[in-house]
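To start, the structure under review is shown below, and the notes come after it.
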Amino acid sequence: MSPYAGPSAHRSEEIAGTLRLLVALALAIALMVLDHRGGWLTAIRGQIEIVVQPLWRLAGLPAKLGDTMRDDASTRARLAKDNEILRNALLISSARIARLQTAAAENARLRGLLGAAEQGGLDVQLAPILDIALDPTRQRVVLDIGANQGVTQGQAAIDAGGLIGQVIEVRPTTATVLLLTDPDHAVPVSVSRNGIRLVAYGRGDRLELANIPTSSDVKIGDRIVTSGLGGRFPPGFPVGTITKLRRDESRAFLIGDLKPAAQLDRGRDVLLLRRSPTSAVLPAAANAADTANARPTVPEPPATAPTTTEPVR
């Protein structure tokens, strides 16, 4: 083997490689010039893109799927947070609405109390209820005002519906009212329709008219008002409505059940009468009082006696 065979062969390979590179460059330049001038490669590229495009989409699908999953997770987290914020806002709004509704109802009730007192020409004092004791043996409320605010023992307590009770104990800052339904309470009353005088007793959770003569003109539905006898309560204040009449054990008298006119088991305030009016009454009892004043207080004769319906000539 000739000692110069190796270098010659190497130079031949280099020359061949250079020629191939030049040919490739020349071919590329020629193709670019031809494409620029004639645009004949555009259609070929379009066909190639049509064939290759599904492959590109398939290759990019995992990345797109990952982006979609990340976006969905982010959206769910954001929606969950927004829902929590909205739920909290809804709870707060509901609580505020409930408080506003309660305040509106309380304001309406207070307006009813003060309006009834104003229309009746009564000198009253608004008294908030501090505590209650309502059970069959004890029917009382404690007021959040006392002697320091001018409360005195014996004052009548009313609401927009009628008589509630009477102040029986006064302390410097509180006072206790004995309700009409207390077993220790009794109030002189009369039937507003005809003026028949009776006495209403407390029976724990209701009012009762006792010892009604069987000959008396007393009916279910009659309205009962204070008579003013005894000087403890002013006359004409609504006490209740007769809901039931029955005979007592001796069957010599009737017993009447009364539905109280005042809301004894609800409300947060009462009105205390500063003075005892002689003619001013609650608007609810005005018509009843007029009727009672228009008719004399004369009980009807016994059922066995004949009654005269025509005027005596």
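If you count by the numbering used here, then the sequence shown holds residues 891 to 1203, one letter each, in order.
The beta-carbon is built from N, C-alpha and C at its ideal position, and this holds for glycine as well.
Keep in mind the model is a prediction, meaning the values are calculated, not measured.
DSSP has residue i in a bridge; who is on the other side?
i       : result
Gly907  : Per DSSP, none; premise fails for Gly907.
Ile1114 : Val1081, Gly1130
Arg1030 : Ala1023, Leu1068
Glu1059 : Thr1066
Gly1092 : Leu1097
Arg1087 : Ser1080
Lys1149 : Thr1131
Gly1043 : Contrary to the premise, residue 1043 reads as Gln rather than Gly in this sequence. For Gln1043, which the question treats as bridged, DSSP gives no partner whatsoever.
Going by the beta-carbon positions, is the gap between residue i and residue j smaller than 8 Å?
i       : j       : result
Gly1130 : Lys1149 : yes
Val1057 : Leu1161 : no
Ala1017 : Ile1035 : yes
Leu1154 : Leu1033 : no
Ala1050 : Phe1123 : no
Gln1015 : Arg1164 : yes
Thr1071 : Leu1053 : no
Phe1127 : Ile1019 : no
Pro1073 : Gly1092 : yes
Ala1090 : Ile1114 : yes
Val1067 : Gly1085 : no
What residues in its chain sit with their C-beta under 7 Å from that of residue i, if we drop five residues either side in the sequence?
i       : result
Ser1117 : Pro1078, Val1079, Ser1080, Arg1087, Pro1125
Ile975  : none
Arg910  : none
Within the same chain, show all residues whose beta-carbon is closer than 6 Å to that of residue i, passing over the 5 residues directly before and after it, in chain order.
i       : result
Asp1112 : Val1081, Arg1083, Ile1132
Asp1119 : Looking at the sequence itself, residue 1119 is Leu, so the reference to Asp does not match. So the list reads Pro1078, once near-sequence residues are dropped.
Val1041 : Ile1035, Val1060, Ala1065
Lys1134 : Asp1147
Ser898  : none
Give the secondary structure of residue i by DSSP, where H, G and I count as helix, E and B as strand, and everything else as coil.
i       : result
Arg1137 : strand
Ala1142 : coil
Val1160 : strand
Ala1050 : coil
Ala1178 : Because the pLDDT at Ala1178 is just 41, under 50, the model does not fix this residue reliably, and the value given afterwards should be weighed accordingly. Looking at Ala1178 - three-state DSSP - the assignment turns out to be helix.
Val1108 : coil
Arg901  : helix
Pro944  : helix
Leu1016 : strand
Pro1103 : strand
Leu1154 : coil
Ile1035 : coil
Asp1074 : coil
Arg968  : helix
Pro952  : helix
Leu980  : helix
Arg1122 : coil
Note down, in chain order, each residue of its chain lying with its Cβ closer than 8 Å to the Cβ of residue i, except the 5 sequence neighbours on either side.
i       : result
Ile987  : none
Asp1021 : Val1031, Val1032
So, is the C-beta of residue i closer than 8 Å to a C-beta in chain D?
i       : result
Gly1036 : The structure shown has no chain D; it contains just one protein chain.
Stretch pair the region 1023-1039 + the region 1138-1145: three plus CB contacts closer than 8 Å: These segments do not touch.
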